[in-house]
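Chemist: What follows is a structure written as structure tokens; I'll ask about it next.
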Amino acid sequence: MTRGKLQHPLFQRVALIGIGLIGSSLCHAMRRGALAGTIVGYARTAETRAKALQLGLIDQAYTTAAEAARDADLVILCAPVGAMGALALDIGPALKPGAIVTDVGSVKGAIVRDCAGHIPAGVHFIPGHPIAGTEQSGPEAGFATLFDGRWCILTPNDATDPAALERLKGFWEACGSKVDIMTAEHHDMVLAITSHVPHVLAFNIVNTAAHLAEVTDSEVIKFSAGGFRDSTRLAASDPTMWRDVFLNNKEAVLEMLARFSENLSLMQRAIRFGDGDAIFKTITEAREIRRGVIQAGQDTAAPDFGRRAPPDGDEKPVKQAPAK
Ligand code: NAP
């Protein structure tokens, strides 16, 4: 089948190693675009394998990553960052010459460190990271439109085969993404400030509120629309995933946290000494960034992120795919 310039399916056999939110969303996107002849998968637990088959996400489930990866033209590692090295070690000997191996991990330098050495010569290893996600996990959490209009970053190196890179780029575009290319190091610095530090802050704001003796839990929840609620969405994210992200992007996260602390101290000082001009300037600069995010189509400009508040005040969120 031919659609546009691309020959469909783009890959005869695609193997997903890990079938959670991102893996299952990729399955939906591949089914939507008829991008794969066959989709096979490995998941750690029998429960996830059974669910993935039942939902029609994959055509065949395997109990080892190596079996799933055998004969695949495209292998996508979709497990937590800390598990990727062991998975790459497992699949290495089973990989077909000419196959493309990629991943979706939220950190890239550590993936190269842990995986590249296990990928045999003749197999193309090109790390990747879709900047799309939600706070949900597991095979039932995925949906076909997760990647639509979102960026996917690929981090090839000087030795990467340009034709393989072009194929992988075409795959992500067919899944709905826009693709950007950068080094693994640059990716880790950019994501430290755009994603990793905001999650550090969200986990800690929510816990600070939870530990306040003077304010009850029910007050925190009742008045959460004052800003707290938006932190709770990030704070609901998967602990395994985020532990692995922080431990594997340690330097960049600590560097960005240090810069953040300096700015926070300036703001604290301005509040303490009543420096209204400094406070005003800080907020004005931050507002400009928010305008840029909306102009770039990376969030809705609707008031309150498009949430509807029915007359009884019981909020019902409009389903959308927040970028991560
Ligand atoms: P998820 O929903 O929790 O799914 C994780 C999958 O990996 C499951 O199939 C799980 O198998 C498997 N797995 C967990 N630990 C494993 C281990 N030690 N060895 C082998 N397999 C293991 O996670 P996700 O949100 O899809 O995230 C997957 C990757 O995408 C992560 O590297 C994350 O950094 C990245 N990412 C996430 C987001 C996001 O917003 N969530 C966005 C972009 C990128 P079982 O179900 O059988 O336990």
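Here the sequence shown stands for residues 15 to 338, where the numbers follow our numbering.
Where is the CB? At the ideal position from N, CA and C, for every residue including glycine.
A quick note: this is a predicted structure, and the numbers were derived from the prediction, not measured.
1) So for Ala-315, helix, strand or coil by DSSP?
2) Does the pairing of the region 20–36 with the region 149–158 give three or more beta-carbon distances under 8 Å?
3) I'd like to know whether the C-beta atoms of Thr-222 and His-201 end up nearer to each other than 8 Å.
4) Between Arg-301, Ala-249, His-143, which lies nearest to Val-204 when the distance is taken from Cα to Cα?
5) Pro-144 by DSSP, collapsed to three states: which one?
6) Rounded to whole angstroms, what is the Cα-Cα separation between Asp-231 and Ser-251?
7) Pick helix, strand or coil for Cys-129, following the three-state DSSP scheme.
8) Could you tell me if the beta carbon of Arg-247 falls within a distance shorter than 7 Å of some heavy atom in ligand 1?
9) Report back the beta-carbon spacing between Ile-209 and Ser-120 to the nearest angstrom; my notes put them in contact at under 8 Å.
10) Between the Cα of Gly-152 and those of Leu-182, Glu-302, Arg-301, Thr-62, spot the shortest distance and give me the residue it belongs to.
11) Quick one: Cα of Ala-80 to Cα of Arg-286, how far?
12) Out of Val-118, Asn-218, Val-126, Ala-239, which has the shortest C-alpha to C-alpha gap to Leu-182?
13) If we count the other Cβ atoms within 10 Å of its Cβ and call it buried at 16 or more, is Leu-49 buried or exposed?
14) For Thr-246, which residues in the same chain have their Cβ closer than 6 Å to its Cβ, ignoring the five residues on either side in sequence?
15) So what's Ile-53 in DSSP terms, helix, strand or just coil?
16) Just to confirm, are Ile-293 and Ala-284 a CB contact at a threshold of 8 Å?
17) I'd like the span of the beta strand (DSSP E) that includes Phe-25, first residue to last.
18) Within its chain, find whatever has a CB closer than 7 Å to the CB of Arg-84; leave out the 5 residues flanking it on each side and keep chain order.
Modeler: Result, derived from the coordinates:
1) Translated into the one-based positions of the sequence shown, residue 315 becomes position 301. Three-state DSSP puts Ala-315 in coil, outside helix and strand.
2) By the Cβ criterion, the region 20–36 is in contact with the region 149–158, since at least three pairs of Cβ atoms, one from each stretch, lie closer than 8 Å.
3) Translated into positions along the sequence shown, residue 222 becomes position 208. Translated into positions along the sequence shown, residue 201 becomes position 187. Going by beta carbons, Thr-222 and His-201 fall outside the 8 Å limit.
4) In the sequence shown, the residue the question calls residue 204 occupies position 190. Nearest C-alpha to Val-204: His-143.
5) Reading the sequence shown from its first residue, position 130 is the one you call residue 144. Correct three-state label for Pro-144: strand.
6) The residue labelled residue 231 in the question sits at position 217 within the sequence shown. The residue labelled residue 251 in the question sits at position 237 within the sequence shown. Taking the straight line joining both Cα atoms gives about 20 Å.
7) The count along the sequence shown starts at 1 and reaches residue 129 at position 115. Helix.
8) Here residue 247 is taken as the residue at index 233 of the sequence shown, counted from 1. Here the distance from the Cβ of Arg-247 to the nearest heavy atom of ligand 1 is not below 7 Å.
9) The sequence position of residue 209 within the sequence shown is 195, counting from 1. The sequence position of residue 120 within the sequence shown is 106, counting from 1. Looking at the sequence provided, one finds Ser at residue 209 rather than Ile. Taking a contact as a CB-CB distance under 8 Å, the pair Ser-209 and Ser-120 counts as one, their CB atoms being some 7 Å apart.
10) In the sequence shown, the residue the question calls residue 152 occupies position 138. Nearest C-alpha to Gly-152: Thr-62.
11) Position 66 of the sequence shown holds residue 80. Position 272 of the sequence shown holds residue 286. Rounded to whole angstroms, Ala-80 to Arg-286 spans 59 Å at the Cα level.
12) For the purposes of this step, residue 182 is taken as the residue at position 168 of the sequence shown. If we check each option's Cα against that of Leu-182, Val-118 comes out closest.
13) Taking the sequence shown and counting its residues from 1, one reaches residue 49 at position 35. Per the 10 Å Cβ criterion, buried.
14) As a working note, residue 246 is residue 232 in the sequence shown. Within the same chain, Val-220 come within 6 Å of Thr-246 by CB-CB distance, once the 5 residues on both sides are set aside.
15) What you label residue 53 is simply residue 39 of the sequence shown in a count that begins at 1. Under the three-state reduction of DSSP output, Ile-53 falls in the strand class.
16) As a first step, residue 293 must be located in the sequence shown, where it is residue number 279. As a first step, residue 284 must be located in the sequence shown, where it is residue number 270. Result yes, Cβ atoms of Ile-293 and Ala-284 sit closer than 8 Å.
17) To locate residue 25, count along the sequence shown from 1; it is residue 11. Unbroken beta strand (DSSP E) run through Phe-25: 25–31.
18) Numbered from its first residue, the sequence shown carries residue 84 at position 70. Correct list, in chain order: Ala-108.
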